[in-house]
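Protein chains in written order, with this note's numbering: chain A, -3 to 245; chain B, -3 to 245.
Before any comments, here is the structure.
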């Protein structure tokens, strides 16, 4: 088992922030300052994005203070501080070409996301193994997952094969590649969808939500385009994790 | 203008509960004990239900304590303490007959709900006029509306023609009669739908959500049947009203 090595540490506004690496994968662990053992939320970032993007850092800090949980984000392959392979470069070029030509990004995004998920899922499992060796997390504490967009493309195959994760927030993705794995998922799900998404067809988004086998699943569909997910969904996700990871049994 | 007359008063757990009548319409006003002027939420009950049903009283108390708002519920025509007309009796008989025969209740429910809405909308406007004469509510304070099921059948035509109401929670209804009025509504909306509703077809529910012209509208679709709306939706509605009625401008 790979162990986790901390490489930097700072503390702001009651939240401890620690850079770490597990093998070659860099991540950040946000924790409520001075907390003892607490639940863990794994958070996957969006496509073209990285572990320390303001949307990740802001959400992680909010989860840490609102729910008292640890939040870990790692760079996806080819993202953030990680090198791009020739394959990554080709896919990024294809995505940019579609965008520049005003064509739908969906086909290239789905293909590249699936490729990244194949590499990222074992990395997440190794990261979780290593995080659970920390005394403030432990091997038997509750674990949640948050990831929309690329975070859903990676998160669905992860959650479908990772029984340690018991609650997850997903959204903003197509069903094509991941619906089959979503059908194997039975844990509580909160799913975010944009009603006027210019990239993801409304029926496609609803089809992916429908695929989850979970007895408790909630769709939050908001008016607006792909990037207009309202800020209050962060609070909603915090409450979701509060209910499922930290509430008394 | 009809004025409001209080007929009974009690106080429990920090919430003042006052029975009132406006003309021939009886209602209950729940208020945070000792509060000064505060926003008002009008709450419509479900079909076959009444102003003091536990689901109404519990939600009203929660809104009063969580958001510090007043909550008013009135009996719909033919419901609670109000007499049934011969027309009411015929429609209730038709609804029961459909249920006993295992047939869809939708056609009878939609027809009867529309009939009730025609009578209830002017009653709600007169009630709001009277409530706004109370110093703790006032003529220029924020007003919200909460109503699912029959509360939506009555609430949509009410909100479509009542500019004093600036935020509303709806849900669990068919688009047939009310979608046209929903298209005139532009205020923030939270809309509750049950993903496995045995009475209301999923596409019909989504069609009604789609009809609202609001720039801010959120669909909360939960796995489960018609009567299985999760309790956490009460908290969500409380936060919705908190954002729109009580948050600083």
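Ideal Cβ positions, reconstructed from N, Cα and C, are used throughout, including at glycine.
As a quick exercise: from the options, pick the residue whose alpha carbon is nearest that of residue i.
i: residue 145/A; options: 180/A, 160/A, 156/A, 105/A; result: 105/A
i: residue 116/B; options: 203/B, 72/B, 214/B, 204/B; result: 72/B
i: residue 138/A; options: 170/A, 64/A, 190/A; result: 64/A
i: residue 25/A; options: -3/A, 44/A, 59/A; result: 59/A
i: residue 228/A; options: 150/A, 216/A, 99/A, 95/A; result: 216/A
i: residue 109/A; options: 98/A, 211/A, 147/A; result: 147/A
i: residue 41/B; options: 195/B, 112/B, 79/B; result: 112/B
i: residue 156/B; options: 169/B, 175/B, 170/B; result: 175/B
i: residue -2/A; options: 20/A, 6/A, 9/A, 57/A; result: 20/A
i: residue 159/B; options: 223/B, 93/B, 62/B, 125/B; result: 125/B
i: residue 86/A; options: 107/A, 66/A, 67/A; result: 107/A
i: residue 79/B; options: 13/B, 154/B, 224/B, 22/B; result: 22/B
i: residue 169/A; options: 242/A, 151/A, 91/A, 30/A; result: 151/A
i: residue 183/B; options: 172/A, 180/A, 219/A, 225/A; result: 219/A
i: residue 2/B; options: 178/B, 171/B, 68/B; result: 68/B
i: residue 171/A; options: 103/A, 130/A, 238/A; result: 103/A
i: residue 30/B; options: 4/B, 66/B, 45/B, 54/B; result: 66/B
i: residue 165/A; options: 5/A, 180/A, 205/A; result: 205/A
Does residue i get closer than 8 Å to chain B when you measure Cβ to Cβ?
i: residue 148/A; result: no
i: residue 233/A; result: no
i: residue 228/A; result: yes
i: residue 239/A; result: yes
Give me whichever residues DSSP pairs with residue i in a beta bridge.
i: residue 39/A; result: 69/A, 142/A
i: residue 216/A; result: 188/A, 216/B
i: residue 14/A; result: 5/A, 25/A
i: residue 0/A; result: 18/A
i: residue 165/B; result: 142/B, 186/B
Can you pull the chain B residues whose beta carbon is under 9 Å from the beta carbon of residue i, in chain order?
i: residue 216/A; result: 214, 215, 216, 217
i: residue 210/A; result: 219
Cα separation between residue i and residue j?
i: residue 88/B; j: residue 167/B; result: 22 Å
i: residue 191/B; j: residue 36/B; result: 30 Å
i: residue 234/B; j: residue 240/B; result: 10 Å
i: residue 135/B; j: residue 128/B; result: 5 Å
i: residue 132/A; j: residue 28/A; result: 11 Å
i: residue 188/B; j: residue 202/B; result: 10 Å
i: residue 195/A; j: residue 101/A; result: 7 Å
i: residue 143/B; j: residue 163/B; result: 12 Å
i: residue 213/B; j: residue 208/A; result: 24 Å
i: residue 121/B; j: residue 197/B; result: 31 Å
i: residue 18/A; j: residue 0/A; result: 5 Å
i: residue 32/B; j: residue 94/A; result: 58 Å
i: residue 236/B; j: residue 61/B; result: 14 Å
i: residue 39/B; j: residue 186/B; result: 14 Å
i: residue 99/B; j: residue 118/B; result: 33 Å
i: residue 231/B; j: residue 43/A; result: 32 Å
i: residue 81/A; j: residue 48/A; result: 21 Å
i: residue 14/A; j: residue 74/A; result: 21 Å
i: residue 12/B; j: residue 76/B; result: 21 Å
i: residue 114/A; j: residue 10/B; result: 55 Å
i: residue 34/A; j: residue 140/A; result: 12 Å
i: residue 226/A; j: residue 52/B; result: 29 Å
i: residue 221/A; j: residue 210/B; result: 14 Å
i: residue 57/A; j: residue 50/B; result: 38 Å
i: residue 7/A; j: residue 70/A; result: 19 Å
i: residue 54/B; j: residue 46/B; result: 13 Å
Taking 8 Å as the CB-CB limit, is residue i close to chain A?
i: residue 30/B; result: no
Residue i: beta carbon under 7 Å from a heavy atom of the ligand PLP?
i: residue 19/B; result: The model depicted lacks the ligand PLP and carries no ligand whatsoever.
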